[in-house]
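**Q** Read top to bottom, the protein sequences are chains A and B.
Using the numbering used here, read the first sequence as starting at 1 and increasing by one per residue.
Using the numbering used here, read the second sequence as starting at 1 and increasing by one per residue.
First the structure, then my questions, so here it is.
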Amino acid sequence: MQAQMKNQPSSVLNDELREQLMQPDEITGSEILLRSLLLQGVECVFGYPGGAVLYIYDAMHDNPHFKHLLTRHEQGAIHAADGYARSTGKVGVCIATSGPGATNLVTGIATANMDSVPLVVITGNVFTTAIGTDAFQEADITGITLPITKHSYLVKKAEDLSSVIQEAFHIASTGRKGPVLIDIPKDVSANKAIFNPLPSVNIRGYHPTVMPNKLQVNRLVEAIQQAERPVILAGNGVIHADADQALLQFANTTNIPVTTTLLGIGGFPSNHELWLGMPGMHGTYAANHAIQNCDLLIGIGARFDDRVTMNTKGFAPKATIAHIDVDPAEIGKTLETAIPCVGDIKHVLEYANKKVERANTDAWVQKVQTWKKEYPLSFADSEEELKPQYVISMINDTTDGEAIITTDVGQHQMWVAQYYQFNHPRSLITSGGLGTMGFGFPAAVGAQMADRNRLVISINGDGGMQMCAQELAICAIHNIPVKVVVINNGVLGMVRQWQEIIYDERYSHINLEGSPDFVKLAEAYGVRGLRASNKAEAAEVWKQALDINGPVLIEFCVSQSENVYPMVTQGKTIDQMIMGDEQ
Amino acid sequence: MKQEKYTISILVNNQPGVLQRVAGLFARRGYNIESITVGSSEEQGLSRMIIVTTGDDKIVEQISKQLYKLIDVIKVVELSSNSTVSRELALIKVGIEVEQRQQIFGIVETFRASVVDVGSKTMMVQVVGGTDKVDAMIELLKPFGITGLSRTGVTALRRGLSQQKTN
Ligand SMILES: Cc1ncc(C[n+]2csc(CCOP(=O)(O)OP(=O)(O)O)c2C)c(N)n1
Ligand SMILES: [Mg+2]
Numbered sequence: 001m002q003a004q005m006k007n008q009p010s011s012v013l014n015d016e017l018r019e020q021l022m023q024p025d026e027i028t029g030s031e032i033l034l035r036s037l038l039l040q041g042v043e044c045v046f047g048y049p050g051g052a053v054l055y056i057y058d059a060m061h062d063n064p065h066f067k068h069l070l071t072r073h074e075q076g077a078i079h080a081a082d083g084y085a086r087s088t089g090k091v092g093v094c095i096a097t098s099g100p101g102a103t104n105l106v107t108g109i110a111t112a113n114m115d116s117v118p119l120v121v122i123t124g125n126v127f128t129t130a131i132g133t134d135a136f137q138e139a140d141i142t143g144i145t146l147p148i149t150k151h152s153y154l155v156k157k158a159e160d161l162s163s164v165i166q167e168a169f170h171i172a173s174t175g176r177k178g179p180v181l182i183d184i185p186k187d188v189s190a191n192k193a194i195f196n197p198l199p200s201v202n203i204r205g206y207h208p209t210v211m212p213n214k215l216q217v218n219r220l221v222e223a224i225q226q227a228e229r230p231v232i233l234a235g236n237g238v239i240h241a242d243a244d245q246a247l248l249q250f251a252n253t254t255n256i257p258v259t260t261t262l263l264g265i266g267g268f269p270s271n272h273e274l275w276l277g278m279p280g281m282h283g284t285y286a287a288n289h290a291i292q293n294c295d296l297l298i299g300i301g302a303r304f305d306d307r308v309t310m311n312t313k314g315f316a317p318k319a320t321i322a323h324i325d326v327d328p329a330e331i332g333k334t335l336e337t338a339i340p341c342v343g344d345i346k347h348v349l350e351y352a353n354k355k356v357e358r359a360n361t362d363a364w365v366q367k368v369q370t371w372k373k374e375y376p377l378s379f380a381d382s383e384e385e386l387k388p389q390y391v392i393s394m395i396n397d398t399t400d401g402e403a404i405i406t407t408d409v410g411q412h413q414m415w416v417a418q419y420y421q422f423n424h425p426r427s428l429i430t431s432g433g434l435g436t437m438g439f440g441f442p443a444a445v446g447a448q449m450a451d452r453n454r455l456v457i458s459i460n461g462d463g464g465m466q467m468c469a470q471e472l473a474i475c476a477i478h479n480i481p482v483k484v485v486v487i488n489n490g491v492l493g494m495v496r497q498w499q500e501i502i503y504d505e506r507y508s509h510i511n512l513e514g515s516p517d518f519v520k521l522a523e524a525y526g527v528r529g530l531r532a533s534n535k536a537e538a539a540e541v542w543k544q545a546l547d548i549n550g551p552v553l554i555e556f557c558v559s560q561s562e563n564v565y566p567m568v569t570q571g572k573t574i575d576q577m578i579m580g581d582e583q
Numbered sequence: 001m002k003q004e005k006y007t008i009s010i011l012v013n014n015q016p017g018v019l020q021r022v023a024g025l026f027a028r029r030g031y032n033i034e035s036i037t038v039g040s041s042e043e044q045g046l047s048r049m050i051i052v053t054t055g056d057d058k059i060v061e062q063i064s065k066q067l068y069k070l071i072d073v074i075k076v077v078e079l080s081s082n083s084t085v086s087r088e089l090a091l092i093k094v095g096i097e098v099e100q101r102q103q104i105f106g107i108v109e110t111f112r113a114s115v116v117d118v119g120s121k122t123m124m125v126q127v128v129g130g131t132d133k134v135d136a137m138i139e140l141l142k143p144f145g146i147t148g149l150s151r152t153g154v155t156a157l158r159r160g161l162s163q164q165k166t167n
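As structure tokens, then:
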């Protein structure tokens, strides 16, 4: 299929402005950049200035249409752009200066790359004449990020800029999405060129498969008709392809149970009776046992990550594997795949939906329902101590599963995945593939910038909160109304859990003594701070927090020794689950 | 599975950094590079890279799929040996006495190689051929004492009309 440029809708971009921006004027590289971004429908750029991007920031100064949010760290900027992209499906954009500005983006680029998030990352670089001389603040950022970008450009001439930006947006947002980096030397941003965007983008070496091979899909349809114990494993790809409705219809028609990976959560309603929860290391009994006992496993936009499969040799041992994915390289990468369906997931499912019928699964569905009922997620609640799982359940109950939740990485992340009932795609925003601490809070800022009226809650550990806490400043000054939750257990909880269970309780460097008073920290930035240490206080401050029309940080002081269960330890198959603390 | 040699022909945009992209992909995914050659192709703006790797069918399939994910990669073809001409060139320097020269000329002739430099105590031999032939030549010259060796690595092209179409 010939790839056409996608024009994204935008609030500022009307026909009149578009025409004005499209004029073939002779303008600087910086102005070309801003115009190009506006024409791509970019609503907000997250960034941080410095020497190499000063022409670009100078051009922003008197541009009435261009919106830029100054974060307090480049890492905050890129995670915010990422949160914006994940919550909207649009391309997120961030900008940083050369050298240290660019290297501060590296973690964020890797995070986005692992989770296939469409980003356009703009960095400045030193003058083209100085490249390669170890000039002040020079870093080979295209080289550094080569393994963690979908593609990258080092722009050598101002006249190349507009087409490079068009290509970058196209590559970032099509096929298997991902971050594209554009490195712009300082002279390129200063030099003038005629602005002449291309009518459409056509990149010779880039033709992602959109339409599936019908014969393969027909084979899948046949396999479903023969199967007795099929399971759907739905992942991030369902959400990236906006295929949640197609998946719902597919599951409803065929009557096949669905398990969603961490990044697939929200791609299928969790209140649906066919939903089994999350599989894998901290998966539910029903999901893991369904996979281990199924005779047909249909992976949809899921890459059989090791946190899902655990011991791959013993994963889904009785199953024929079918795999629907936009990226052909994912098929057969970890599991022998009998039925590959390459294509845009929405197209594949929509085609399949015309063909599939109800499968012969009544007995099987009944069986997995029994597992669901007999082995629900559970924790030992307490009236003395506030339990982290209780806090997540409370947040769930008071928001009806309607909020956008971002998480950081650790135990709290798993509890959110387990105890918050997501019913909409793009409502759980979490770093899955890279597991980046420090992601959750700035990602929430980005999601909130995309929709100021949506309830956005960022749930963090006391460790990860300290990795990007500086962005409280922008919440305060721009009144970005994120509810910043800190689940304070006083430790690097997930590390503590591993040390308890796998390293014989040899607790090594997990104590977070010396953490700031989070309430005071928030208030130092001008953000309201609240704290709760028991159930009554929790209910009270949480209600208060929901009523506050602006940013607020809520610290929940919870017990330290809770573990995330179920748990499958390394090397085990996913049905070898530890269900709870040994008595 | 059995580890075998595979020759992969990759048509790429002649862009700065493209070699780094391809070589980096092999390195980070743990694919082996036995040899790599790059040069111009039949089309201006495109280069052809020939990589010889070891692995099995599954690995080679993954390599091909991963290569296609690189935007600058236009076409990837696995070249099977019977439909392909593959050649490499080696320059081999041996340290010898004058009276041994004839012996070298003898070896060179049977291999249809050539002597490209003669010094007072050295000779340099150029051999072109398949990897096996170059290996054999080197083996034969070893007893004379090889003091310098440089091999280009394999370049290859498919025989006949079926040369890979470039999109
Ligand atoms: C940047 C980064 N460094 C280290 C880790 C390893 N790690 C994973 S979870 C975790 C503990 C997180 O502690 P906290 O933020 O308090 O969350 P909790 O597990 O207690 O809920 C650590 C250190 C990581 N994922 N990311
Ligand atoms: Mg903690």
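Each residue gets a CB set at the ideal place from its N, CA and C atoms; glycine is no exception.
It should be emphasised that the depicted structure is a prediction, and the values quoted were computed from it without experimental measurement.
What I want to know is whether the C-beta of A/ASN489 ends up closer than 7 angstroms to one or more non-hydrogen atoms of ligand 2.
**A** Checking every heavy atom of ligand 2 against the Cβ of A/ASN489, one is found closer than 7 angstroms.
**Q** Residues of the segment 316-334 of chain A in Cβ contact with chain B at a cutoff of 9 angstroms, in chain order, please.
**A** Here the close residues are ASP327, PRO328, ALA329, GLU330, ILE331, GLY332 and LYS333.
**Q** For ligand 1, is there a heavy atom less than 7 angstroms away from the beta-carbon of A/ASP306?
**A** No, since every heavy atom of ligand 1 falls outside the 7 angstroms radius drawn around the Cβ of A/ASP306.
**Q** Any heavy atom of ligand 1 closer than 7 angstroms to the CB of A/LEU492?
**A** Correct: A/LEU492 has its Cβ closer than 7 angstroms to ligand 1.
**Q** Does DSSP classify B/VAL154 as helix, strand or coil?
**A** Coil.
**Q** Nearest-angstrom Cα distance between A/GLU167 and A/SER152?
**A** For A/GLU167 and A/SER152, the distance between alpha carbons rounds to 10 angstroms.
**Q** Considering only the beta carbon of each residue, do A/LYS313 and A/VAL221 sit closer than 8 angstroms?
**A** No. Outside cutoff.
**Q** To which residues of the same chain is A/TYR507 closer than 6 angstroms at the C-beta, ignoring the five residues directly before and after it?
**A** If we look at A/TYR507 and ignore the five residues flanking it on each side, its Cβ neighbours are GLN499.
**Q** Which parts of the segment 246-303 of chain A are runs of the beta strand (DSSP E), unbroken and 3 residues or longer, counting only runs that do not cross its ends?
**A** The segment 246-303 of chain A contains these whole beta strand (DSSP E) runs: 258-260 and 296-300.
**Q** Using the C-alpha atoms, what's the distance from A/PRO340 back to A/ALA322?
**A** Roughly 6 angstroms between the two C-alpha positions.
**Q** Among A/ASN202, A/ILE78 and A/SER98, which residue has its Cα nearest to the Cα of A/PRO118?
**A** Minimum Cα distance to A/PRO118 is reached at A/ILE78.
**Q** Would you tell me roughly how many angstroms separate the C-alpha atoms of B/GLU109 and B/SER81, rounded to the nearest one?
**A** If I take the Cα positions, the gap works out to 26 angstroms.
**Q** Helix, strand or coil, according to DSSP, for A/GLY92 in the structure here?
**A** A/GLY92: strand per DSSP, three-state reduction.
**Q** Counting only Cβ pairs nearer than 8 angstroms, list the residues of chain B close to A/PRO212.
**A** What A/PRO212 touches in chain B: nothing, since even the nearest Cβ is about 16 angstroms away.
**Q** Using a cut-off of 7 angstroms between C-beta atoms, extract the partners of B/VAL73 located in chain A.
**A** Within chain A, the residues near B/VAL73 are GLY205.
**Q** Return no unless some Cβ of chain B is closer than 8 angstroms to the Cβ of A/THR260.
**A** Chain B contact via Cβ: absent.
**Q** Should B/ARG151 be flagged as near chain A, meaning a C-beta pair shorter than 8 angstroms?
**A** Judged by the 8 angstroms Cβ criterion, B/ARG151 is not in contact with chain A.
**Q** Which same chain residues end up closer than 6 angstroms to A/THR129 when comparing Cβ atoms and leaving out the 5 residues on each side of it in sequence?
**A** Correct list: empty, nothing qualifies.
**Q** Verify whether the separation of the beta carbon atoms of A/LYS67 and A/GLU31 is less than 8 angstroms.
**A** Cβ distance not < 8 angstroms, so A/LYS67 and A/GLU31 don't count as in contact.
**Q** Alpha carbons only, please: which of A/THR88, A/TYR48, A/VAL53 and A/LEU54 is nearest the one belonging to A/LEU69?
**A** For the residues A/THR88, A/TYR48, A/VAL53 and A/LEU54, the minimum Cα distance to A/LEU69 belongs to A/TYR48.
**Q** Any idea which residues DSSP pairs B/MET123 with across the strands?
**A** Beta-bridge pairing links B/MET123 to B/VAL94 and B/VAL118.
**Q** Name, please, each residue of chain A whose Cβ falls closer than 7 angstroms to the Cβ of B/ARG28.
**A** Those within 7 angstroms of B/ARG28 in chain A are PRO147.
**Q** What residue does the beta strand (DSSP E) around A/CYS341 start on, and which one ends it?
**A** Taken as a continuous stretch (DSSP letters only), the beta strand (DSSP E) holding A/CYS341 covers 339-342.
**Q** Name the chain A residues that come within less than 8 angstroms of B/GLN20, Cβ to Cβ?
**A** Those are GLY143 and LEU146, listed as they occur along chain A.
**Q** Give the residues of chain A in contact with B/LYS5, contact being defined as C-beta atoms less than 7 angstroms apart.
**A** Within chain A, no residue comes near B/LYS5; the closest Cβ sits about 22 angstroms away, beyond 7 angstroms.
**Q** Measuring only from the beta carbon, is A/MET394 closer than 7 angstroms to any heavy atom that is part of ligand 1?
**A** No, Cβ of A/MET394 sits at least 7 angstroms from all heavy atoms of ligand 1.
**Q** Between A/GLY99 and A/GLN75, is the Cβ-Cβ spacing less than 8 angstroms?
**A** Their beta carbons are not under 8 angstroms apart, which means A/GLY99 does not touch A/GLN75 by this criterion.
**Q** Would B/ASN13 pass as an interface residue toward chain A - the criterion being a Cβ-Cβ separation below 8 angstroms?
**A** With 8 angstroms as the cut-off, B/ASN13 counts as an interface residue toward chain A.
**Q** Against chain A, with Cβ distances strictly below 8 angstroms, would B/LYS2 count as a contact?
**A** No, its Cβ sits nowhere closer than 8 angstroms to a Cβ of chain A.
**Q** Which residues in the same chain have their Cβ closer than 6 angstroms to the Cβ of A/ALA532, if we skip the five residues on either side of it in sequence?
**A** Closer than 6 angstroms at the Cβ level, and outside the excluded window around A/ALA532, lie ALA538, VAL541 and PHE556.
**Q** Give a yes or no on whether the minimum CB-CB distance between A/HIS151 and chain B is below 8 angstroms.
**A** Yes, because at least one Cβ of chain B sits closer than 8 angstroms to the Cβ of A/HIS151.
**Q** Can you tell which of B/VAL125, B/LYS121, B/ARG48 and B/GLY95 has the C-alpha that lies nearest to the C-alpha of B/ILE74?
**A** Out of B/VAL125, B/LYS121, B/ARG48 and B/GLY95, B/ARG48 has the C-alpha closest to the C-alpha of B/ILE74.
**Q** As an exercise, report each continuous beta strand (DSSP E) stretch of at least 3 residues that is fully enclosed by the segment 525-579 of chain A, in chain order.
**A** Complete beta strand (DSSP E) runs here, min 3: 528-532 and 552-557.
**Q** Going by the DSSP bridge assignment, what does A/HIS151 pair with across the sheet?
**A** DSSP, once it has assigned bridges, lists A/VAL180 as partnering A/HIS151.
**Q** Using DSSP's beta-bridge definition, name the partner residues of A/LEU69.
**A** DSSP lists A/PHE46 as partners of A/LEU69.
**Q** Measuring CA to CA, which of B/ILE8, B/PRO16, B/VAL12 and B/GLN3 is closest to A/GLN143?
**A** In the sequence as presented, Gln is not what sits at residue 143 of chain A; that position holds Gly. Of the listed residues, the one whose Cα sits closest to A/GLY143 is B/PRO16.
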